[in-house]
Amino acid sequence: MDTERSREQTIVKVSIQGIVMNLILVGFKAVVGLMANSIAIILDAVNNLSDAFSQVITIVGTKLSNKAPDKKHPYGYGRIEYISSVIVAVIVLMAGVTSFKESVEKVIHPETVTYSNVSLLIIGVAVVVKFFFGSYTKKMGEKVQSQSLIASGTDAFMDSILSLSTFVAALITRLANISLEGILGIVLSIFILKAGFEILMETLSSIIGDRTDSEFSVQLKQKISGYPGVNGTYDLVLHDYGPSRSIGSVHIEVDETMNADEIYRLTREISADVYMEFGIILTIGIYATNVTNETAIRIRNNLQELLKTQEYVLQMHGFYFDEKEKRVSFDLVISYSAPSAVGVCEEVKKQISLKYPDYAFDINIDHDFSD
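In structure tokens, the structure reads:
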């Protein structure tokens, strides 16, 4: 709870700083743009205004996402942050479309632009301010895992580059009396549209459901596998209900000789530790490993050698041999690139059935949901 409150405070603090900074830049750039009759600077001011509004959306989204879970939404409101990121992306895209339209008109109907030394100074200061604030915002967004802040930081960083282009164009106008306003505005618009599209696609990907970060999934599996009695960790699946809010499941492999009391204590300890360290509510399933039956061990070893020849088989786990029923069961992790997961499974089943005709094989097709 303290971590979530601290995260919210960080996002709100950085967003308020961004609102104040952008509103100040809007005032200065609007005055300079009107005085110089510069479409590029005016569009830059409009872009800063949209940035300020975006950060208001970020604050509102963060506040709403921290509402306590209720009967209607038992997993909380964390995904509202993703919705606010979509709104930010749409605002950026709208600014890009408006900028493009105005810039094309400026190319068709050019007007005289005049820059004073004060104008150039204000544009130069804006470049520096936006560059450092963009880097700062993005860094804080990554620290607290806020896509909205990361999007705002990326947008601010892009703005600094675009403002630098405006500054260069102004210098060219002053020195060579060549106006690049309309052309520059079109270039700026394209960059703005590109940034908005990337923010939108990244956020939609999170809403659809991203693959768990490889480094994190490996770290989590290694932690679980480090508990005494755990022979292996498999089938890690995490469902994202907002930044730092995940519910998931995992299977651990234990010796068949463990009793219910030992399994209960082990799984309870793992669940509690994972929640305390990562904030993940984890359900733990059990695979029993044959450790006393020599036939089971021999079949498993032979099967592992056979599977090394299968191009699309990534892993076998959950192996269990029921000698009384003469039945072997296991999970087969098949690559997403396989033409047919069922076809791969049938081929494996065919080969091992030829080698062990007296046994029945139950194969469950599995996929690598995480590394």
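The numbering of the sequence shown is the working numbering, which starts it at 106 and goes up by one. Every residue gets a Cβ at the ideal spot worked out from N, C-alpha and C, and that includes glycine. Because the structure is a prediction, the values reported are computed rather than measured.
Status (buried if at least 16 other CB within 10 Å, exposed otherwise) for residue i
{"i": "Asn406", "result": "exposed"}
{"i": "Ile213", "result": "exposed"}
{"i": "Asn222", "result": "exposed"}
{"i": "Lys235", "result": "buried"}
{"i": "Asp471", "result": "buried"}
{"i": "Leu343", "result": "buried"}
{"i": "Val449", "result": "buried"}
{"i": "Glu186", "result": "buried"}
{"i": "Lys211", "result": "buried"}
{"i": "Tyr417", "result": "buried"}
{"i": "Leu459", "result": "exposed"}
{"i": "Val125", "result": "exposed"}
{"i": "Ser442", "result": "exposed"}
{"i": "Leu408", "result": "buried"}
Separation of residue j from residue i, as counted between CA atoms
{"i": "Ala377", "j": "Val355", "result": "14 angstroms"}
{"i": "Ile368", "j": "Thr388", "result": "13 angstroms"}
{"i": "Ile357", "j": "Asn171", "result": "33 angstroms"}
{"i": "Glu374", "j": "Leu419", "result": "30 angstroms"}
{"i": "Asp151", "j": "Ile129", "result": "The question names Asp, but residue 151 is Val in the sequence shown. For Val151 and Ile129, the distance between alpha carbons rounds to 12 angstroms."}
{"i": "Val195", "j": "Lys206", "result": "17 angstroms"}
{"i": "Leu169", "j": "Val438", "result": "39 angstroms"}
{"i": "Tyr346", "j": "Gln415", "result": "36 angstroms"}
{"i": "Gly308", "j": "Ser190", "result": "For clarity, residue 308 is Thr in the given sequence; the question names Gly instead. Distance between the alpha carbons of Thr308 and Ser190 is about 7 angstroms."}
{"i": "Val232", "j": "Leu289", "result": "16 angstroms"}
{"i": "Arg133", "j": "Gly246", "result": "This sequence places Phe at residue 133; Arg is not what is there. So the alpha carbons of these two residues sit roughly 27 angstroms apart."}
{"i": "Gly181", "j": "Pro174", "result": "4 angstroms"}
{"i": "Thr259", "j": "Glu303", "result": "10 angstroms"}
{"i": "Gly423", "j": "Arg432", "result": "13 angstroms"}
{"i": "Asn282", "j": "Met306", "result": "41 angstroms"}
{"i": "Val273", "j": "Glu113", "result": "39 angstroms"}
{"i": "Ile116", "j": "Thr278", "result": "40 angstroms"}
{"i": "Glu361", "j": "Asp436", "result": "17 angstroms"}
{"i": "Val119", "j": "Leu148", "result": "24 angstroms"}
{"i": "Lys244", "j": "Arg350", "result": "20 angstroms"}
{"i": "Ser445", "j": "Ser322", "result": "26 angstroms"}
{"i": "Gln327", "j": "Gly229", "result": "50 angstroms"}
{"i": "Ile468", "j": "Lys454", "result": "8 angstroms"}
{"i": "Gly331", "j": "Glu399", "result": "26 angstroms"}
{"i": "Ser111", "j": "Ile164", "result": "14 angstroms"}
{"i": "Leu154", "j": "Ser440", "result": "47 angstroms"}
{"i": "Leu293", "j": "His178", "result": "42 angstroms"}
{"i": "Phe262", "j": "Ser208", "result": "22 angstroms"}
Residues sharing a beta bridge with residue i, DSSP
{"i": "Ala465", "result": "Arg432"}
{"i": "Glu374", "result": "According to DSSP, which records beta bridges pairwise, Glu374 is partnered with nothing at all."}
{"i": "Met421", "result": "Leu437"}
{"i": "Asp427", "result": "Arg432"}
{"i": "Asp345", "result": "Ser351"}
{"i": "Gly337", "result": "Glu358"}
{"i": "Asp471", "result": "Val438"}
{"i": "Ile389", "result": "Val355"}
{"i": "Thr394", "result": "Asp360"}
Candidates the options, of which the one nearest residue i by Cα
{"i": "Tyr241", "options": "Ser257, Asp149, Ile228, Val161", "result": "Ser257"}
{"i": "Gly353", "options": "Glu320, Thr338, Lys326, Ile385", "result": "Ile385"}
{"i": "Phe474", "options": "Ile391, Glu399, Ala365, Tyr339", "result": "Tyr339"}
{"i": "Gln122", "options": "Gln160, Met381, Leu148", "result": "Gln160"}
{"i": "Ser311", "options": "Ser253, Phe237, Ile124, Pro444", "result": "Ser253"}
{"i": "Gly166", "options": "Gly183, Asp156, Lys177", "result": "Gly183"}
{"i": "Asn336", "options": "Val359, Arg112, Ser351, Gln327", "result": "Val359"}
{"i": "Tyr392", "options": "Tyr425, Leu343, Ser224", "result": "Tyr425"}
{"i": "Pro215", "options": "Arg432, Leu285, Val379", "result": "Leu285"}
{"i": "Val249", "options": "Glu430, Glu109, Thr362", "result": "Glu109"}
{"i": "Leu276", "options": "Ser111, Leu225, Asp476", "result": "Leu225"}
{"i": "Ile162", "options": "Gly287, Val193, Ile291, Arg403", "result": "Val193"}
{"i": "Asn142", "options": "Met363, Gly287, Gly334, Leu371", "result": "Gly287"}
{"i": "Glu410", "options": "Ile457, Asp366, Leu154, Tyr380", "result": "Ile457"}
{"i": "Ile329", "options": "Tyr380, Ile291, Lys413", "result": "Tyr380"}
{"i": "Arg370", "options": "Val396, Leu341, Gly334", "result": "Gly334"}
{"i": "Gln324", "options": "Phe238, Glu430, Glu382", "result": "Glu382"}
{"i": "Ala465", "options": "Val447, Asp476, Lys176, Glu428", "result": "Glu428"}
{"i": "Ser434", "options": "Asn127, Ser270, Thr394", "result": "Thr394"}
Residue i CB to nearest heavy atom of the ligand ATP below 8 angstroms
{"i": "Phe474", "result": "Questions concerning the ligand ATP fall outside what the structure shown contains, since it holds no ligand whatsoever."}
Okay, do the region 131-145 and the region 317-329 touch, 3+ Cβ pairs below 8 angstroms being the bar?
Remark: fewer than three beta-carbon pairs, one from each stretch, lie closer than 8 angstroms, so the region 131-145 and the region 317-329 are not flagged as touching.
Any 3 or more C-beta pairs closer than 8 angstroms across the region 186-201 and the region 290-307:
The answer is yes - the region 290-307 touches the region 186-201, with three or more Cβ pairs under 8 angstroms.
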